[in-house]
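Residue numbers (my numbering): 13 to 210.
What follows is the structure, given as structure tokens:
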């Protein structure tokens, strides 16, 4: 007499796969929001009352201003560079004198560049002036770092600029690195804080 072998019931893998999927979804969400939390702390919005006021007054993108402050001083109003630039937007004394003349400002002193509002007002004026002169963020950022004279000479040289407007190559490595940092920081600020991207 044949004895039927009892078939073993196959256990469904569906619950296991659901659990694994849920764990993966949770880990991805935690990584994403953890990254967002970290990046928002490394790219804060500070001094927004001054940035928004003077960015608007001098017709410069506020996220460009935040990117410059982040890159130049890390939002430290007492920052001093190894060449003597001061404050949030790292204004050099000769640049300060030029801006002061352009603004017709008889009261502000170079010591005031450690005062957040004064520094941001001067920095926003200068960024707005450079943007108006050069017409794009990258070239304006290069001029902020290397000086208007250097950038104007590069724009006239076909090995650095093919159209006289944009810099295809930046001959000073530090300036090229600076421009890259500014554009990346600005992209992050727009991604984090621009309501149109929410």
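Just so you know, even glycine gets a beta-carbon here, dropped at the ideal spot from N, CA and C.
Legend entry - Cβ neighbours of residue 197 in the same chain (closer than 7 angstroms, five flanking residues each side left out): By one-based count along the chain shown, residue 197 stands at place 185. Hits under 7 angstroms: 55, 79, 82 and 83.
Inset, instruction - State whether the region 131-142 contacts the region 60-76, with contact taken as three or more CB pairs (one from each stretch) at a distance under 8 angstroms. - result: Verdict: yes, contact present.
Inset, instruction - Please name the residue or residues paired with residue 103 in a DSSP beta bridge. - result: Position 91 of the chain shown holds residue 103. Answer by DSSP bridge pairing, in chain order: 98.
Legend entry - Neighbour-count burial assignment, residue 76, 16 or more Cβ in a 10 Å radius: Taking the chain shown and counting its residues from 1, one reaches residue 76 at position 64. With 16 or more Cβ atoms within 10 Å of its Cβ, residue 76 is classed as buried.
Inset, instruction - Measure the CB-CB distance between residue 178 and residue 150 and report whether it falls below 8 angstroms. - result: Taking the chain shown and counting its residues from 1, the one referred to as residue 178 is at position 166. Taking the chain shown and counting its residues from 1, the one referred to as residue 150 is at position 138. With respect to the 8 angstroms criterion, residue 178 and residue 150 are classified as neighbours on the basis of their beta carbons.
Inset, instruction - Say whether the region 97-113 touches the region 124-135, bearing in mind that this needs 3 or more beta-carbon pairs closer than 8 angstroms, one atom from each stretch. - result: A contact exists between the region 97-113 and the region 124-135.
Legend entry - Sub-8 angstroms separation of residue 122 and residue 145 beta-carbons: Mapped onto the chain shown, residue 122 falls at position 110. Mapped onto the chain shown, residue 145 falls at position 133. At a Cβ-Cβ threshold of 8 angstroms, residue 122 and residue 145 do not count as neighbours.
Inset, instruction - Take the Cβ of residue 184 as the centre, count every other Cβ of all protein chains shown within 10 Å, and call the residue buried at 16 or more, exposed below. - result: Sequence index remark: in the chain shown, residue 184 carries index 172 (1-based). Per the 10 Å Cβ criterion, exposed.
Inset, instruction - Identify every run of the alpha helix (DSSP H) within the region 126-182, keeping only runs that are complete inside it and at least 4 residues long; order them along the chain. - result: As summarised for the region 126-182, the continuous alpha helix (DSSP H) elements at least 4 residues long and confined to that stretch are 128-146, 149-158 and 160-167, given in chain order.
Inset, instruction - Could you pull out every residue in the same chain whose Cβ sits closer than 8 angstroms to the Cβ of residue 172, ignoring the five residues on either side in sequence? - result: Against the chain shown, residue 172 aligns to sequence position 160. Excluding sequence neighbours, residue 172 sits near 166, 179, 180, 181, 182 and 183.
Legend entry - Bridge partner(s) assigned by DSSP for residue 92: On the chain shown, residue 92 is found 80 positions in, with the first residue counted as 1. Bridge partners of residue 92: 98.
Legend entry - Under the three-state DSSP convention, the category residue 205 falls into: Numbered from 1 along the chain shown, position 193 holds the residue referred to as residue 205. Three-state result, residue 205: helix.
Legend entry - Distance between residue 159 and residue 141 (C-alpha atoms, nearest Å): One-based indexing of the chain shown puts residue 141 at position 129. One-based indexing of the chain shown puts residue 159 at position 147. So the alpha carbons of these two residues sit roughly 12 angstroms apart.
Legend entry - Assigned secondary structure, residue 80 (DSSP; H/G/I helix, E/B strand, else coil): Looking up residue 80 in the chain shown gives position 68. If DSSP states are grouped into helix, strand and coil, residue 80 belongs with the helices.
Inset, instruction - Give me the Cβ distance between residue 59 and residue 111, rounded to the nearest whole Å; I'm assuming they're in contact under 8 angstroms. - result: As a first step, residue 59 is located in the chain shown; it is residue number 47 there, counting from the start. As a first step, residue 111 is located in the chain shown; it is residue number 99 there, counting from the start. With a Cβ gap of about 18 angstroms, residue 59 and residue 111 do not count as contacting.
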